[in-house]
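Residue numbers (the working numbering): -2 to 100.
Ideal placement from N, C-alpha and C gives every residue a C-beta, glycine not left out.
Just so it is clear, the structure is predicted and the values come from calculations on it, not from any experiment.
To keep things clear, I will list the structure first and then write my remarks on it.
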Amino acid sequence: MPDDCIFVLHNNTLFIIECKFQQVKGSVDEKLQTCDFKKKQYKKLLAPANIEVEYVYLLGEWFKNPKYKDVLDYIISVNCSYYFEYIPLAKLGLPVPPELVND
């Protein structure tokens, strides 16, 4: 089961969100390499409903370490995405309040 998900009606997309925060090396290191398979499984599950699927990691500062460059590059290469600390509303296709828009 995902940590969270958001269905955005106006673009018919389900965003699967996995939150990974840690402070020591552990099993999360390998879990970051599974997004492609999981995204394909969710797409297969939701295909009859014609729902698009996006797979997103929300990562803690730990993963900014240069040793994660290859796995972060992999996440992007398989059309998944990641963000640190928060996910921008615009990336989810949600409206952004004017006071939060950078000029």
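Residue burial is scored here from C-beta neighbours: residue 60 has at least 16 other C-beta atoms within 10 angstroms and is therefore classed as buried. Setting aside the 5 residues that flank it on each side, residue 97 has no residue in the same chain whose C-beta is closer than 7 Å to its C-beta. Look at residue 55 here: in three-state DSSP terms it is strand. Shown here, residue 2 sits in a strand according to DSSP, grouped into three states. One alpha carbon belongs to residue 7, the other to residue 32, and they sit about 24 Å apart.
A check of alpha carbon separations from residue 83 across 53, 47 and 27 identifies 53 as the nearest. One thing to note: residue 72 has its Cβ within 8 Å of the Cβ of residue 29. In the structure shown, the three-state DSSP call for residue 96 is helix. Rounded to whole angstroms, the separation of the alpha carbons of residue 0 and residue 39 is 14 Å.
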